[in-house]
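**Q**
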Amino acid sequence: MSPLLFWIFALLTLIFGAAVIINRNPVASALSLVVSFLGLAALFMSLNAYFIGVIQVLVYAGAVMVLFLFIIMLLDLRAEEGRRVNWLTSAAGLAVALILLGQILSVVGHFKIAHRTFPPLPGSTIDDVRNIGAALFGNYNLPFQIVGVLVLVATIGVVLLSKREPR
Amino acid sequence: MITLGDYLIVSGILFTIGFAGVMLRRNLIIILMSLELMLNAANLSLVAFSRFRVGPTGLPDYNAQVFVFFIITVAAAEVAVGLAILVALYRARQTTDVNDISSLKF
Numbered sequence: 176m177s178p179l180l181f182w183i184f185a186l187l188t189l190i191f192g193a194a195v196i197i198n199r200n201p202v203a204s205a206l207s208l209v210v211s212f213l214g215l216a217a218l219f220m221s222l223n224a225y226f227i228g229v230i231q232v233l234v235y236a237g238a239v240m241v242l243f244l245f246i247i248m249l250l251d252l253r254a255e256e257g258r259r260v261n262w263l264t265s266a267a268g269l270a271v272a273l274i275l276l277g278q279i280l281s282v283v284g285h286f287k288i289a290h291r292t293f294p295p296l297p298g299s300t301i302d303d304v305r306n307i308g309a310a311l312f313g314n315y316n317l318p319f320q321i322v323g324v325l326v327l328v329a330t331i332g333v334v335l336l337s338k339r340e341p342r
Numbered sequence: 720m721i722t723l724g725d726y727l728i729v730s731g732i733l734f735t736i737g738f739a740g741v742m743l744r745r746n747l748i749i750i751l752m753s754l755e756l757m758l759n760a761a762n763l764s765l766v767a768f769s770r771f772r773v774g775p776t777g778l779p780d781y782n783a784q785v786f787v788f789f790i791i792t793v794a795a796a797e798v799a800v801g802l803a804i805l806v807a808l809y810r811a812r813q814t815t816d817v818n819d820i821s822s823l824k825f
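The listed protein sequences correspond, in order, to chains U and V.
Those letters in the first sequence? Residues 176 to 342, by the numbering used here.
Those letters in the second sequence? Residues 720 to 825, by the numbering used here.
Right, dumping it as structure tokens:
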């Protein structure tokens, strides 16, 4: 992938990621998050992880964001916009986040391996889905089934939580 | 050329954006979205390392991508449960602002 495309998609991801927390309107935040996830899916595909990129689009940009939008529309959250902001606590939170960013950048800067480029792949095409499937159903069969149980538990939990109490 | 460090920096900035969202915003829905951003930042660095570590067969390291698959699955379950808790809370208190929900028991 050319460097120009990498920076375009990286900037797309970061700018719309920042728009998620800057927007006051929850609907605008959710739509910015969709664009951010699409940029991230493009970055995954630039790393030859096509399967991960596709499920990023299907699961995150598709299912999860529809769930978010559905809840936002259901609750009708427009009344919360005009709240007063406490500037002191906001500045403190921002300072903690900037310290974290400085730490991450300094660690990446001192990480010698990080200055190398990616090694080339031999073939022009790789059989991505087959390789992930072989790993998932071979080496990681037990974790896969445990995750299945987890999703079942989450489904039952959601049904129980959203059921109305009998009066 | 694009190095591994470029992907790690993008991932770090994205994680910081999500972290700042959790620290700064008081709306529970936005906090959940920021959590998603942080999980995706971790996914990006995992996939970058997977592509960087080409094995003797000439393929990327697929262990990291299986890990990303699990993270996406668990994150989807987490969002569903989190939003269900939010709806139950909204029914009880008519608010999604964390400043209004400061007591442990009501």
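No residue lacks a Cβ here, since even glycine has one placed at the ideal position from N, Cα and C.
With distance defined between alpha-carbon atoms, name the residue in Gln784/V, Leu802/V, Ile791/V and Gly737/V nearest to Leu244/U.
**A** Of Gln784/V, Leu802/V, Ile791/V and Gly737/V, the residue nearest in Cα terms is Leu802/V.
**Q** For chain U, find out if any of its Cβ atoms is closer than 8 Å to the Cβ of Leu754/V; answer yes or no.
**A** No - not a single Cβ of chain U is within 8 Å of the one on Leu754/V.
**Q** Cα separation between Leu280/U and Thr735/V?
**A** The straight-line gap from Cα to Cα measures roughly 11 Å.
**Q** Between which residues of its own chain and Leu215/U is the CB-CB distance below 7 Å, once the five residues before and five after are set aside?
**A** Result list for Leu215/U: Thr188 and Gln231, in chain order.
**Q** For the segment 256 to 300 of chain U, list the alpha helix (DSSP H) runs that are entirely contained and at least 4 residues long, ordered along the chain.
**A** Taking only runs of at least 4 residues, the alpha helix (DSSP H) segments lying wholly in the segment 256 to 300 of chain U are 262 to 285.
**Q** Are the C-beta of Tyr315/U and some C-beta of chain V separated by less than 8 Å?
**A** Yes, its Cβ sits closer than 8 Å to a Cβ of chain V.
**Q** For Asn200/U, would you say it is in contact with chain V, using Cβ-to-Cβ distances shorter than 8 Å as the test?
**A** Judged by the 8 Å Cβ criterion, Asn200/U is not in contact with chain V.
**Q** Does any residue of chain U bring its CB to less than 8 Å from the CB of Met757/V?
**A** Closer than 8 Å: no.
**Q** So is Phe286/U buried or exposed if we call it buried at 16+ other beta carbons inside 10 Å?
**A** Exposed is the call here.
**Q** Is the Cβ of Ala155/U closer than 8 Å to any Cβ of chain V?
**A** Because residue 155/U is not part of the residues shown, which for chain U are 176 to 342, the question remains open.
**Q** Where does Asn746/V fall in DSSP's three states?
**A** Here Asn746/V sits in strand by DSSP.
**Q** Listed from N- to C-terminal order along the chain, which residues in the segment 179 to 213 of chain U have their beta-carbon within a distance smaller than 8 Å of any beta-carbon of chain V?
**A** So the list reads Phe181, Ala185, Thr188, Leu189, Gly192, Ala193, Val195, Ile196, Pro201, Ser204, Ala205, Leu208, Ser211 and Phe212, given in the order they occur along the chain.
**Q** Identify whether Thr735/V lies in helix, strand or coil by the three-state DSSP scheme.
**A** Note: Thr735/V maps to helix in three-state DSSP.
**Q** Which of the three DSSP states, helix, strand or coil, is assigned to Asp816/V?
**A** Reduced to three states, the DSSP call for Asp816/V is strand.
**Q** Whose C-beta lies closer than 7 Å to the C-beta of Asp780/V among residues of the same chain, with five residues either side of it excluded?
**A** Within the same chain, Asp780/V has close Cβ partners Ser769, Arg772 and Gly774.
**Q** Do you know offhand how far Pro297/U's Cα is from Ala238/U's?
**A** Each residue's alpha carbon lies about 35 Å from the other.
**Q** Run the CB neighbour count on Asp725/V, radius 10 Å, all protein chains shown included, and call it buried at 16 or more, exposed below.
**A** Asp725/V should be labelled buried.
**Q** Could you give the distance in angstroms between the alpha-carbon of Ser221/U and the alpha-carbon of Phe181/U?
**A** Going from the Cα of Ser221/U to the Cα of Phe181/U covers about 8 Å.
**Q** Where does the unbroken alpha helix (DSSP H) through Tyr225/U begin, and where does it stop?
**A** Run containing Tyr225/U: Tyr225 to Ile230, per the alpha helix (DSSP H) assignment.
**Q** Starting from Ser795/V, find everything on chain U with Cβ-Cβ shorter than 9 Å and list it in chain order.
**A** Before going further, note that residue 795/V is Ala rather than Ser in the sequence given. Val234, Tyr235, Ala238, Val239, Leu242, Val326 and Ala329, listed in chain order.
**Q** Are Val333/U and Val800/V close, meaning C-beta to C-beta below 8 Å?
**A** In contact: Val333/U and Val800/V (Cβ atoms closer than 8 Å).
**Q** Could you tell me whether the Cβ of Arg291/U comes closer than 8 Å to any Cβ of chain V?
**A** True, the Cβ-Cβ gap to chain V drops below 8 Å.
**Q** Distance cutoff 8 Å, beta carbons only. Does Phe286/U sit that close to anything in chain V?
**A** Yes, its Cβ sits closer than 8 Å to a Cβ of chain V.
**Q** My guess is that Asn665/V and Pro201/U are in contact by the Cβ rule of under 8 Å, so how many angstroms apart are they, rounded?
**A** Only positions 720 to 825 of chain V appear in this structure, which leaves residue 665/V out of reach.
**Q** Distance check for Ile301/U and Ala205/U, CA to CA, integer angstroms please.
**A** Cα to Cα, the separation comes out at about 34 Å.
**Q** Residues in its own chain within less than 6 Å of Glu755/V by CB, not counting five upstream and five downstream?
**A** Excluding sequence neighbours, Glu755/V sits near nothing in its chain.
**Q** Do you know how far the Cα of Met240/U is from the Cα of Phe326/U?
**A** It should be noted that the sequence gives Val, not Phe, for residue 326/U. Going by the C-alpha atoms only, they are around 18 Å apart.
**Q** Using a Cβ-Cβ cut-off of less than 8 Å, give me the residues of the segment 723 to 746 of chain V that come near chain U, in sequence order.
**A** Result list: Leu723, Gly724, Asp725, Tyr726, Leu727, Ile728, Val729, Gly731, Ile732, Leu733, Phe734, Thr735, Ile736, Gly737, Phe738, Ala739, Gly740, Met742, Leu743, Arg744, Arg745 and Asn746.
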